[in-house]
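Some notes on the structure that comes next.
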Amino acid sequence: MEEMTAAVKASAESARQAVQLAGSARDAAAKGGDVVGQVVETMRRISEASHRISDIIGVIDSIAFQTNILALNAAVEAARAGDQGRGFAVVAGEVRVLARRSADAAKEIKQLIGSSVERVEAGSDLVGQAGNRMEEIVTQVRRVTDLISEIGAATEEQSSGIGQVNQAVSQLDEVTQQNAALVEQSAASAHSLQGQAGRLVEALAVFSRA
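Residue numbers for the sequence shown, in this note's numbering: 2 to 211.
Written out as structure tokens, the structure reads:
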């Protein structure tokens, strides 16, 4: 009985430790889920910002194209003006060069931004999948925690029941010992009565002879 009691107490202690560990795992998984959620939100904002930058680059490219057209028209008008428009033609040519450079730079930046957007979106998808998986893990950990808590409660009840059984066994042992003592006393009394009865018979025999 003592071995069973010790085993049940050990099981109860193990169950309590398991509940604590499961609770810690649940909290860690929940925190991990929160972090993943924050990463997903950050990736979404980066994607939105990249799209806005791409739109702005598109506007810059359009302005550079229009500037190039205006500079070309200005060069044509300067050529018509002859010597008087020669200086203006040089300026218009430089403006066209700058417009082309701006357009080329805008296109290159747009390509880089586009590539970055694709990578960010791919990363967002992966992080989103990780977030979904983390939510599943959190749910599973919570289920396990609930089951372990139920097992712990059942073990506690079992331990309490074993304690009550031990108490009842102790009381039964005490009563048994008391009964044994009473039996011994009864046996002693019976032996004493038997002796007294024998002496009484002897006394009666004496009177009978007389």
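Backbone N, C-alpha and C define an ideal beta-carbon position, used for all residues, glycine too.
Which listed residue (the options) has its alpha carbon closest to that of residue i
{"i": "M44", "options": "L201, L148 and G129", "result": "G129"}
{"i": "N74", "options": "A29, V92 and I58", "result": "V92"}
{"i": "E14", "options": "E78, T156 and G199", "result": "T156"}
For residue j and residue i, believed in contact at Cβ under 8 Å, the rounded distance
{"i": "V47", "j": "V121", "result": "Residue identity differs from the one stated: residue 47 is Ile in this sequence, not Val. Their Cβ separation, rounded to whole angstroms, is 5 Å, which keeps I47 and V121 in contact under 8 Å."}
{"i": "V142", "j": "R27", "result": "5 Å"}
{"i": "G132", "j": "V41", "result": "5 Å"}
{"i": "S103", "j": "I58", "result": "Rounded, the Cβ-Cβ distance is 11 Å, inconsistent with contact."}
{"i": "M135", "j": "A11", "result": "That belief does not hold up - the Cβ atoms of M135 and A11 are roughly 35 Å apart, past 8 Å."}
{"i": "V96", "j": "A123", "result": "Incorrect: roughly 40 Å between the Cβ atoms, too far for contact."}
Buried versus exposed, by CB contacts within 10 Å (16 or more), residue i
{"i": "S51", "result": "buried"}
{"i": "G88", "result": "exposed"}
{"i": "V139", "result": "buried"}
{"i": "S190", "result": "exposed"}
{"i": "V176", "result": "exposed"}
Contact set for residue i: own chain, Cβ-Cβ below 8 Å, skip 5 residues either direction
{"i": "A80", "result": "G86 and A90"}
{"i": "R1", "result": "This structure leaves residue 1 out entirely; the chain is present only between 2 and 211."}
{"i": "T146", "result": "V20, A23, G24, A26 and R27"}
{"i": "I152", "result": "A16 and A19"}
Minimum Cβ-Cβ distance from residue i to chain B less than 7 Å
{"i": "S63", "result": "The structure shown has no chain B; it contains just one protein chain."}
Close Cβ partners of residue i (< 6 Å) along its chain, the five nearest in sequence each way excluded
{"i": "V118", "result": "S51"}
Contact set for residue i: own chain, Cβ-Cβ below 7 Å, skip 5 residues either direction
{"i": "S125", "result": "V41, M44, R45 and S48"}
{"i": "G94", "result": "A76"}
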